[in-house]
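Undergrad: Structure in structure tokens, see below.
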Amino acid sequence: MPALSQAVEAAVERHWVRACRDRPLFNGRVFSADHVTPDLIVGHWTEYRRVLAQMTDPSLRPALRVRSLSVCGALLGPDGVVVGRREAASVYQAGLWQLPPAGSVDDGCDRDGVADLRHALLAELQEELGVGAEAVLSLRPLCLVDHPNGVLDIGFQIDTSWDAEAILAAHQRVGNREYERLIVLPPREVAAHLAAMGEALVPSAGAFLTRVG
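Mapping of the sequence shown onto my numbering: residues 228 to 440, in sequence order.
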């Protein structure tokens, strides 16, 4: 993890302390990409504190140079694709519609120096929606979206045999509260719903959904 100047370190700490006053946060290690090619992403482990500071204050980006990598899943079952609205109190993209599961690649996915994206995605699926790995039929990479704020989203299609009722019930029973509402969109309704959501839809969701099938 690159060293910071005293001034930048102090700014990072100020943003972290302020954010922790509003909600409990954990300063874990997350993956930051240094080089991206069609076949390989090379990076290093950084701390979430730096990610939050850069999101809060974009002027810190030249000094922090964080490009946090997140996994995002388009969960597709027999009734359609799952879309969720993020909790209004979320640190990132609060209140927006997103394709769950989604989350940063953290050090729990470190396999001898290699970030295990499949493990990261399945962990988010269990944590956010309460859907275990046994429900997954297949995983297929879709594309990588590079956002202007330095966040990289890598999307996967997650095929499941679970219908809408089973997915929504699992979320209510054991999923966390990252999403205040979940809906399952039949394929014929996806385009209309995306248009209606407009800017309330996270930018990467449209890119992923055009590649689902």
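For glycine and all other residues, C-beta sits at the position ideal for the given N, C-alpha and C.
(1) Please name the residue, chosen from Trp389, Cys247, Cys299, His262, that lies closest to Leu279 on a Cα-to-Cα basis.
(2) Determine whether the beta carbon atoms of Gly270 and Leu296 lie at a separation below 8 Å.
(3) Using 8 Å for Cβ pairs, my map puts Ile441 next to Val411. What's the rounded Cβ distance?
(4) With distances taken Cα to Cα, identify the nearest neighbour of Glu355 among Val298, Asp390, Glu274.
(5) Any idea what DSSP makes of Val257, helix, strand or coil?
(6) Alpha carbons only, please: which of Ala418, Gly425, Pro414 is nearest the one belonging to Asp306?
(7) Identify the continuous beta strand (DSSP E) that holds Trp272 and give its terminal residues.
(8) Under the assumption that Gly300 contacts Leu326 (Cβ atoms under 8 Å), give the Cβ distance between them as a whole number of angstroms.
(9) In chain order, what residues of the same chain lie with their CB nearer than 6 Å to the CB of Leu352, ignoring the 5 residues before and after it?
TA: Taking the definition as stated:
(1) On the sequence shown, residue 279 is found 52 positions in, with the first residue counted as 1. Checking every option, the nearest Cα to that of Leu279 belongs to Cys247.
(2) Residue mapping note: residue 270 aligns to position 43 of the sequence shown, counting from 1. Residue mapping note: residue 296 aligns to position 69 of the sequence shown, counting from 1. For Gly270 and Leu296, yes; Cβs fall inside 8 Å.
(3) With the chain represented from 228 up to 440, any question about residue 441 goes unanswered, as that position is not in the structure.
(4) Working through the sequence shown from its first residue, we reach residue 355 at position 128. When C-alpha distances from Glu355 are compared across Val298, Asp390, Glu274, the shortest belongs to Val298.
(5) What you label residue 257 is simply residue 30 of the sequence shown in a count that begins at 1. Of the three classes helix, strand and coil, the one that applies to Val257 here is strand, per DSSP.
(6) The sequence position of residue 306 within the sequence shown is 79, counting from 1. Among Ala418, Gly425, Pro414, the Cα nearest to that of Asp306 belongs to Pro414.
(7) For the purposes of this step, residue 272 is taken as the residue at position 45 of the sequence shown. Start and end: 268-274.
(8) Reading the sequence shown from its first residue, position 73 is the one you call residue 300. Reading the sequence shown from its first residue, position 99 is the one you call residue 326. Yes, Gly300 and Leu326 are in contact; Cβ-Cβ is about 7 Å, under 8 Å.
(9) Here residue 352 refers to the residue found at position 125 when the sequence shown is read from its first residue. Within the same chain, and ignoring the five residues on either side of Leu352 in sequence, the residues whose Cβ sits closer than 6 Å to its Cβ are Pro328, Val358.
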